[in-house]
Amino acid sequence: MEVQGKVKMIGETQTFGSNGFRKREIVVTTEEQYPQHIMVEFVQDKCDLLNTFQVGQDVKISINLRGREWVNPQGETKYFNSIQGWRIESLQPAAPTSAATPPPPADAFEPATDFSEEEHDDLPF
Numbered sequence: 002m003e004v005q006g007k008v009k010m011i012g013e014t015q016t017f018g019s020n021g022f023r024k025r026e027i028v029v030t031t032e033e034q035y036p037q038h039i040m041v042e043f044v045q046d047k048c049d050l051l052n053t054f055q056v057g058q059d060v061k062i063s064i065n066l067r068g069r070e071w072v073n074p075q076g077e078t079k080y081f082n083s084i085q086g087w088r089i090e091s092l093q094p095a096a097p098t099s100a101a102t103p104p105p106p107a108d109a110f111e112p113a114t115d116f117s118e119e120e121h122d123d124l125p126f
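Note that our numbering gives residue 95 to position 94 of the sequence shown, counting from 1, and the numbers run on in steps of one.
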């Protein structure tokens, strides 16, 4: 599944517990009739994928929906959902590189000056 939109917020990487579990959240605002603010979390080594993105950038995030069950101390069963990102890509067009076709020489667009008005022109107009 995928989520597309404009980056509204990128959180700092958070570390939990003695095992070093890492999580980083990003909020993307969808561009539809009723825009939605979708929070996507990236975990462990995927946290670093967000380093090159900025607020305001248009992105596409590949996601997995995760659900889990938890029984609280009173014996009640609770269910939780999360949206986990595993890939993110920019939807902005890439900036042109300097290795593109070089501009034509400056003299390529100057009018010819080496002609004589006495030369016969065989053009019909």
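No residue lacks a Cβ here, since even glycine has one placed at the ideal position from N, Cα and C.
Bear in mind the structure is a predicted one, so any value in this text is a computation, not a measurement.
For residue 87, tell me which candidate among 75, 59, 94, 64 has the shortest Cα-Cα distance. Nearest neighbour of residue 87 by Cα position, chosen from 75, 59, 94, 64, turns out to be 64.
Can you list, in chain order, the residues of its chain with a C-beta nearer than 8 Å to that of residue 60? Leave out the 5 residues immediately preceding and following it. Hits under 8 Å: 5, 6, 7, 8, 29, 54, 89, 90, 91, 92.
Please confirm whether residue 1 and residue 24 have their CB atoms less than 8 Å apart. Outside the displayed range of the chain (2 to 126) lies residue 1, so it cannot be described from this structure.
Roughly how many whole angstroms lie between the Cα atoms of residue 40 and residue 68? In a straight line, the C-alpha of residue 40 is about 15 Å away from that of residue 68.
Which ranges does the beta strand (DSSP E) cover as unbroken runs of at least 3 residues, wholly within the segment 9 to 75, from first to last along the chain? Counting only runs of 3 or more, we get 15 to 17, 22 to 30, 38 to 44, 59 to 72.
Contacting residues, own chain, Cβ-Cβ under 6 Å from residue 37 (five flanking each side not counted): For residue 37, same chain residues with a beta-carbon under 6 Å away, outside a window of 5 residues either side, are 31 in chain order.
Run the CB neighbour count on residue 66, radius 10 Å, all protein chains shown included, and call it buried at 16 or more, exposed below. Residue 66 sits exposed, since fewer than 16 C-beta atoms from the chains shown fall within 10 Å of its C-beta.
According to DSSP, is residue 90 part of a helix, a strand, or is it coil? Correct three-state label for residue 90: strand.
Figure out for me which residue from 27, 34, 74 has the closest Cα to the Cα of residue 52. Looking at the Cα atoms, 27 is the closest of the given residues.
Strand pairing of residue 3, partner residues [DSSP]: BP columns for residue 3 point to 63.
Excluding the 5 residues preceding and the 5 following residue 11 in the sequence, name in chain order all residues of the same chain whose CB lies nearer than 6 Å to its CB. Within the same chain, 27, 51 come within 6 Å of residue 11 by CB-CB distance, once the 5 residues on both sides are set aside.
From 44, 16, 58, pick the residue whose C-alpha is nearest to that of residue 94; which is it? Measuring C-alpha to C-alpha distances from residue 94 to each of 44, 16, 58 identifies 58 as the nearest.
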